[in-house]
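K.L.:
I'd like to ask you about the structure that follows.
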Amino acid sequence: MAIFATENQLVFTFGILGNIISFIVFLAPVPTFVRVWKKKSTQGFQSLPYIVSLFSSMIWLYYASLKPHAFLLITINSLGCLIQSLYIALYLFYAPNQTRMATLRTVVVLNLGGFCLILLLTHFFTNRLVVLGWICAAFSVAVFAAPLTIMRLVIKTKSVEFMPFYLSFFLTLSAITWLFYGVFLKDIYVALPNIVGFMFGVVQMILYVVYKNMKTSSLPQIHVPAAAKLPQQKPTINVGNLIIAAAQHHNNNDNCIKDVPAAAAACAVAATCPLPVARGEGLDGVSDQEVEDGVEDAAAGVVDVETGYLSQFMTQPAPVVKCEA
277 MAIFATENQL VFTFGILGNI ISFIVFLAPV PTFVRVWKKK STQGFQSLPY
327 IVSLFSSMIW LYYASLKPHA FLLITINSLG CLIQSLYIAL YLFYAPNQTR
377 MATLRTVVVL NLGGFCLILL LTHFFTNRLV VLGWICAAFS VAVFAAPLTI
427 MRLVIKTKSV EFMPFYLSFF LTLSAITWLF YGVFLKDIYV ALPNIVGFMF
477 GVVQMILYVV YKNMKTSSLP QIHVPAAAKL PQQKPTINVG NLIIAAAQHH
527 NNNDNCIKDV PAAAAACAVA ATCPLPVARG EGLDGVSDQE VEDGVEDAAA
577 GVVDVETGYL SQFMTQPAPV VKCEA
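Below, the structure is given as structure tokens:
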């Protein structure tokens, strides 16, 4: 029977592997959302990656429903829609009102409006599977190209803290399995974007090997004088407007300073040094709890020193800052 042909067996094998590996990739943000749940706050994490991933799963699910013998594409993208929807729902539950409304607008525009537009456009084509296939392929290439900003940051900072190896590895493995699935299924729209994904994944792992042992960091090293050498009055570290950067980042406030390397370093000092911290000027509109949260985030190494925003990609603490009591 045709179903037991070698070619069909290979399609089935790589499809199953692709489902398993893609499921692992879908679970990668779980630690992020565990932290959101524990903190009862989104802490500056961005919802856009999950919204985009949901949209990608939606259009691939639509494509797979029109294509014969694409059941394994249906299973993984159905699962993707479910998991990403749960992430977005949890994000909306804990996000501040302003961020929640912005996220809802994005979901309505992209996931509802964008998907309905694709449904409408493809309805008028007799070969809508071809049109939809190219839309899916183009969108997938754009998604695979997103880590270019992270790779640039790794090269600039000579640090891989923004690019966890396990995630790059599984994304590359996923691209390989779906590439072969597309090849054996004779589906160029599945195979083509995964060629791009495979190349970007290999480059990411090469960068990791090159920079994993580098000690260089973009955060400046700050030395706090010993308390004994300071005047008789109780010494303080006045970080002033630098603390407000982390505090406002914690509350998803975009109207804060972008010169974050100094801010992050100062916050790390404030959080790890035994000397008390003076609130200073520029903190009148920020509560003590917000300052504490901001300092905690900065010291934990979650401030993205390139963009100034809290980063879900950082996996290591901020560099050790010399501090004497």
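Per my numbering, the sequence shown starts with residue 277, numbered consecutively. Ideal Cβ positions, reconstructed from N, Cα and C, are used throughout, including at glycine. Here the structure is a predicted model, which is why all the values come from computation and not from measurement.
Compare the beta carbon distance of A413 and I464 with 9 Å and say whether it is the shorter of the two.
P.N.:
Going by C-beta atoms, A413 is nearer than 9 Å to I464.
K.L.:
Taking the alpha helix (DSSP H) that M427 belongs to, which residues open and close that run?
P.N.:
Residues L424 to T433.
K.L.:
For N603, which of P469, L461 and T453 has the nearest alpha-carbon?
P.N.:
Here the chain covers residues 277 to 601 and nothing more, so residue 603 does not appear.
K.L.:
Using the beta-carbon count (16 or more within 10 Å), is Y326 buried or exposed?
P.N.:
Burial call: buried.
K.L.:
Within its chain, find whatever has a CB closer than 8 Å to the CB of T492; leave out the 5 residues flanking it on each side and keep chain order.
P.N.:
Legend: pLDDT at T492 = 48, less than 50; position of this residue unreliable, value from coordinates given subsequently. Closer than 8 Å at the Cβ level, and outside the excluded window around T492, lie T433, K434 and S435.
K.L.:
Could you pull out every residue in the same chain whose Cβ sits closer than 7 Å to the Cβ of V466, ignoring the five residues on either side in sequence?
P.N.:
Hits under 7 Å: W454, Y457 and G458.
K.L.:
Could you tell me the distance, in whole angstroms, from the CA atom of P305 to the CA atom of T448?
P.N.:
Roughly 17 Å separates the two Cα atoms.
K.L.:
Going by beta-carbon coordinates alone, are S341 and Q360 separated by less than 9 Å?
P.N.:
Result no, Cβ atoms of S341 and Q360 do not sit closer than 9 Å.
K.L.:
Going by the beta-carbon positions, is the gap between V312 and L358 smaller than 9 Å?
P.N.:
No, Cβ-Cβ distance for V312 and L358 is not below 9 Å.
K.L.:
Looking only at its chain, what residues have a beta carbon closer than 8 Å to the beta carbon of F331, apart from the 5 residues adjacent to it on each side?
P.N.:
Closer than 8 Å at Cβ, skipping near neighbours: L386, N387, G390, F391 and F415.
K.L.:
P372 by DSSP, collapsed to three states: which one?
P.N.:
Three-state DSSP puts P372 in coil, outside helix and strand.
K.L.:
With DSSP as the reference, label N353 as helix, strand or coil.
P.N.:
Three-state result, N353: helix.
K.L.:
Have a look at L405 and V384 and give me their C-alpha separation to the nearest angstrom.
P.N.:
Computed Cα separation, rounded: 25 Å.
K.L.:
Report the rounded CA-to-CA distance for P440 versus L429, giving the unit in angstroms.
P.N.:
P440 and L429: Cα-Cα distance of roughly 13 Å.
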